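Chemist:
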Amino acid sequence: MEKISKVRGTEDLLFEDTRKWHIIEKIILDVATKYNFQELRTPIFEHTQLFVKGVGETTDVVTKEMYTFDDKKGRSLTLRPEGTTGAIRAYIEHKMFGYDNQPVKLYYLGPMFRYERPQKGRQRQFNQFGIETLGIKSAQVDAEVILTGLEVCQKLGLKNLKVLINTLGDNESRENYRNALIEYFKQYESQLCSDCQKRLYKNPLRILDCKVDHDKEIMKKAPLLKDYLSAEADAYFNNVLDILINLEVEYEIDNRLVRGLDYYTDTIFEVVSLNKESGAQSTLFGGGRYDGLIASLGGPEVSGIGFGMGVERMLISAEIENPSLFDENYLDLFVMPLDSAVQNYSFKILEQLRKMDIGCDMEYFNKSLKAMFKYCERNKIRYALLVGEQEQANNTFILKDLVNNTQEELSIELLSTVKERIENNA
RNA sequence: GCGGCCGUGGUGAAGUGGUUAACACAACGGUUUGUGGCAUCGUCAUUCGAGGGUUCGAUUCCCUUCGGCCGCCCCA
């Protein structure tokens, strides 16, 4: 029979992996909760049109990376390639703009799908944690969003990173600048790389962070966004920067930072890992403000801001920078039957210990003592509970502390002593 | 979507056109019939990602395919 394996760019997470995921997810959820974000779960697939309108029909994500299919009634559906658009759809659909508590602060955590060539830190199914603050435009909120992401990094022990920040200005600034860029690059069209020629009329901002044309003379003389920023947009951005400076957040203004989704306006940012071993996909999280998105999807004229964070990438960085984060001891005790005749007796003790909320397991293969002790060592289990025919006859058991190398024989009536010993050494 | 490197047991890996596929770690068993971490001995790939071809014979050569990694690209 032909072997069927997992789809390219997807991953099975085995026990070692899921253990790490639980740790990282808990940190993420704790930080989100502390900053008063609440979880929103939206479907994995949406109407294709939502992403086309939301993300932008000229973007790479929409034009070549979506998993799109027709359902049985011929409706075009798409596996979500990012989280913001679906969150905004739900925000509008449930009229969250009318809720008592404003702004609406929500987060999501789950799989996203993009058809790309897999490499380290880039899979076709990957997980994003994202937050959105909707219904207000405020420099404090911009800072808060960035700080929330950085707090997750900090809790994971990630230090080797850089915060890049820029502003695209408000819609009007952005539009004026866009036209200026087209006007400017039009005269040099033949000097641009083929990708940039395509970008020229569709998404001229992206020409600025093109790596091929990066060093060309025409790039250096290109119009600068700051000359097109309205006074208001400029003041707004400076306020965001002031707040970050006050809080001693180190950042770097990157005026080439543009981002690939169409909906961004004003503050945009990207936090990148500086670990060489992380691979070429270094962005940990990135996002920005979007003024027009909510209205363009049929909601009110309100602003929002958020980021998407690549959880796999965070995990890769945490494994490099802070591996001890994942040393977690999950079993306190191991029951060792010394003979197959005492399996039932052992099992009964095991169950009673579990009822006392002790994490424990026992040996079912009737292995040698040597093997059982090795098992404990390998799994960092501190206590062994030994039971033989003698103990069964006397209604007792032996509790052994493998760290101090001491042991005691106790009556089965005194099982609760086990819990005391474990708690005293926890 | 394009270019490059690669794919051998649970893991890390050596190797060759021809019936022994090294070595190390891990695992399991004995030395030690009910007490570990050391030591010592032994056991562990009918098989070299998959499919096809060349050949008397292929893990080793060729083709295809799948997958991984790196770069481009893109982004989280």
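Residue numbering for the first sequence follows this note's numbering, beginning at 94 and increasing consecutively.
Ideal Cβ positions, reconstructed from N, Cα and C, are used throughout, including at glycine.
Computed from a predicted model, the values in this text were never measured in an experiment.
By how many angstroms is the C-alpha of T161 removed from the C-alpha of T171?
Modeler: On the first sequence, residue 171 is found 78 positions in, with the first residue counted as 1. On the first sequence, residue 161 is found 68 positions in, with the first residue counted as 1. If I take the Cα positions, the gap works out to 4 Å.
Chemist: Using the C-alpha atoms, what's the distance from M449 back to S509?
Modeler: As a working mapping, residue 509 is identified with position 416 in the first sequence. As a working mapping, residue 449 is identified with position 356 in the first sequence. Taking the straight line from one Cα to the other gives about 8 Å.
Chemist: Along the chain, where does the beta strand (DSSP E) containing M205 start, and where does it finish?
Modeler: Numbered from 1 along the first sequence, position 112 holds the residue referred to as residue 205. Residues 197-206.
Chemist: Buried or exposed for G167, please, with buried defined as at least 16 other CB atoms from any protein chain shown within 10 angstroms of its CB.
Modeler: As a working note, residue 167 is residue 74 in the first sequence. The residue is exposed, with fewer than 16 neighbouring Cβ atoms inside 10 Å.
Chemist: Going by alpha carbons, who is nearest to P196 out of D164, G214, I229?
Modeler: Taking the first residue of the first sequence as 1, we reach residue 196 at position 103. The option with the nearest alpha carbon to P196 is I229.
Chemist: So the candidates are K313, F427, D359, I97; which of them puts its Cα closest to the Cα of Y321?
Modeler: Your numbering for residue 321 matches position 228 in the first sequence. Nearest C-alpha to Y321: D359.
Chemist: Here's the rule I'm using: 16 or more other beta-carbon atoms within 10 Å means buried, otherwise exposed. How should A486 be labelled?
Modeler: Stepping through the first sequence from its first residue, residue 486 is reached at position 393. Classification of A486: exposed, given that the 10 Å Cβ count is below 16.
Chemist: Whole angstroms are fine: how far does the CA of G379 sit from the CA of F419?
Modeler: In the first sequence, counting from the first residue as 1, residue 419 sits at position 326. In the first sequence, counting from the first residue as 1, residue 379 sits at position 286. Taking the straight line from one Cα to the other gives about 25 Å.
Chemist: Report buried or exposed for Y294, applying the criterion of at least 16 other Cβ atoms within 10 angstroms of its Cβ.
Modeler: In the first sequence, counting from the first residue as 1, residue 294 sits at position 201. That one is exposed.
Chemist: So, under 8 Å CB-CB, R514 and L492 are touching, yes? Tell me the CB distance rounded to an integer number of Å.
Modeler: The residue labelled residue 514 in the question sits at position 421 within the first sequence. The residue labelled residue 492 in the question sits at position 399 within the first sequence. About 7 Å; that satisfies the 8 Å criterion.
Chemist: Note down, one range per segment and in chain order, each alpha helix (DSSP H) of at least 4 residues found wholly within the region 167-254.
Modeler: Within the region 167-254, the complete alpha helix (DSSP H) runs of at least 4 residues are 177-186, 232-248.
Chemist: From the DSSP output, which residues share a beta bridge with C453?
Modeler: Reading the first sequence from its first residue, position 360 is the one you call residue 453. In DSSP, C453 forms a bridge with L426.
Chemist: Mark Q483 as exposed unless 16 or more other C-beta atoms lie within 10 angstroms of its C-beta, in which case mark it buried.
Modeler: Taking the first residue of the first sequence as position 1, residue 483 is located at position 390. Label assigned to Q483: exposed.
Chemist: Quick check: the Cα distance between L240 and K279, rounded to an integer number of angstroms?
Modeler: For the purposes of this step, residue 240 is taken as residue 147 along the first sequence, with counting starting at 1. For the purposes of this step, residue 279 is taken as residue 186 along the first sequence, with counting starting at 1. If I take the Cα positions, the gap works out to 40 Å.
Chemist: In the region 443-513, which residue ranges form an unbroken alpha helix (DSSP H) of at least 4 residues, counting only runs that do not cross its ends?
Modeler: Listed in chain order, they are 462-471, 482-487.
Chemist: I think G381 touches I409, with their Cβ atoms under 8 Å apart; what is that distance to the nearest whole Å?
Modeler: Taking the first sequence and counting its residues from 1, one reaches residue 381 at position 288. Taking the first sequence and counting its residues from 1, one reaches residue 409 at position 316. Between I409 and G381 the Cβ distance is about 24 Å, and since that is not below 8 Å, they are no contact.
Chemist: Could you round the C-beta distance between G399 and E225 to whole angstroms and report it? I think they count as a contact, below 8 Å.
Modeler: Looking up residue 399 in the first sequence gives position 306. Looking up residue 225 in the first sequence gives position 132. At roughly 4 Å, the Cβ-Cβ gap stays under 8 Å, so G399 and E225 are in contact.
Chemist: Using the Cα positions of I117 and V404, report the straight-line distance between them to the nearest angstrom.
Modeler: In the first sequence, counting from the first residue as 1, residue 117 sits at position 24. In the first sequence, counting from the first residue as 1, residue 404 sits at position 311. Spanning the two alpha carbons is a distance of roughly 8 Å.
Chemist: If I measure Cβ to Cβ from D164 and keep anything under 8 Å in the same chain, skipping five residues before and after, which residues do I get?
Modeler: As a first step, residue 164 must be located in the first sequence, where it is residue number 71. Correct list, in chain order: L170.
Chemist: Would you grab the beta carbon distance between D355 and G149 for me? Rounded to a whole angstrom, and I think it's under 8 Å.
Modeler: On the first sequence, residue 355 is found 262 positions in, with the first residue counted as 1. On the first sequence, residue 149 is found 56 positions in, with the first residue counted as 1. That belief holds up - the Cβ atoms of D355 and G149 are roughly 3 Å apart, short of 8 Å.
Chemist: Taking the runs of the alpha helix (DSSP H) that are 4 residues or longer, which of them lie wholly in the region 331-401?
Modeler: Fully enclosed alpha helix (DSSP H) runs of 4 or longer: 386-389.
Chemist: Quick check on this structure: which residue in Y192, T152, V145, T111 has the alpha carbon closest to the alpha carbon of G179?
Modeler: Locating residue 179 in the first sequence gives position 86, where the first residue counts as 1. The shortest C-alpha separation from G179 is found at V145.
Chemist: What does the alpha-carbon distance come out to for the pair A388 and K188?
Modeler: Position 295 of the first sequence, counted from the first residue, corresponds to residue 388. Position 95 of the first sequence, counted from the first residue, corresponds to residue 188. So the alpha carbons of these two residues sit roughly 13 Å apart.
Chemist: Can you tell me the Cα-Cα spacing of E402 and Q290, whole angstroms?
Modeler: For the purposes of this step, residue 402 is taken as residue 309 along the first sequence, with counting starting at 1. For the purposes of this step, residue 290 is taken as residue 197 along the first sequence, with counting starting at 1. A quick correction: the sequence has Met, not Glu, at residue 402. About 31 Å.
Chemist: Provide the residue span of the beta strand (DSSP E) that contains T135, from first to last.
Modeler: What you label residue 135 is simply residue 42 of the first sequence in a count that begins at 1. No beta strand (DSSP E) contains T135, which DSSP labels as neither H nor E.
Chemist: So for N264, helix, strand or coil by DSSP?
Modeler: Working through the first sequence from its first residue, we reach residue 264 at position 171. Correct three-state label for N264: helix.
Chemist: Compute the Euclidean distance between the alpha carbons of C453 and L443, then round it to the nearest angstrom.
Modeler: Position 360 of the first sequence, counted from the start, is the residue given in the question as residue 453. Position 350 of the first sequence, counted from the start, is the residue given in the question as residue 443. Rounded to whole angstroms, C453 to L443 spans 7 Å at the Cα level.
Chemist: Report the CB separation of E523 from G250 in whole angstroms; it is logged as a contact under 8 Å.
Modeler: Here the chain has residues from 94 to 519 only, and residue 523 is not among them.
Chemist: Are there 16 or more other CB atoms within 10 angstroms of the CB of G391, so buried, or fewer, so exposed?
Modeler: Indexing the first sequence from 1 puts residue 391 at position 298. The residue in question, G391, is exposed, as its Cβ has fewer than 16 Cβ neighbours within 10 Å.
Chemist: Which residues share a DSSP beta bridge with I258?
Modeler: Position 165 of the first sequence holds residue 258. Per DSSP, I346, F362.
Chemist: From this set, L431, L386, E209, which residue's C-alpha is nearest K157's C-alpha?
Modeler: Residue numbering aside, residue 157 sits at position 64 when the first sequence is read from its first letter. The residue with the shortest Cα to Cα distance from K157 is E209.
Chemist: Express the C-alpha separation of Q284 and S231 in angstroms, rounding to a whole number.
Modeler: By 1-based counting over the first sequence, the position of residue 231 is 138. By 1-based counting over the first sequence, the position of residue 284 is 191. Straight-line Cα distance between these residues: approximately 41 Å.
Chemist: Do G242 and T177 have their C-beta atoms within less than 9 Å of each other?
Modeler: As a working note, residue 242 is residue 149 in the first sequence. As a working note, residue 177 is residue 84 in the first sequence. No, the pair does not count as a contact, with Cβ atoms beyond the cut-off.
Chemist: Suppose the cutoff is 7 Å on Cβ atoms and the five residues either side in sequence are ignored; what does the same chain contact list for M94 look like?
Modeler: Your numbering for residue 94 matches position 1 in the first sequence. Reliability of the predicted coordinates at M94 is poor, the pLDDT of 45 falling under 50, and no value is obtained from them.
Chemist: What's the gap between the Cα of E132 and the Cα of Y201?
Modeler: Mapped onto the first sequence, residue 132 falls at position 39. Mapped onto the first sequence, residue 201 falls at position 108. Roughly 6 Å between the two C-alpha positions.
Chemist: Buried or exposed, going by whether 16 or more other CB atoms sit within 10 Å of the CB of F130?
Modeler: Taking the first sequence and counting its residues from 1, the one referred to as residue 130 is at position 37. It is buried - the Cβ of F130 has at least 16 other Cβ atoms within 10 Å.
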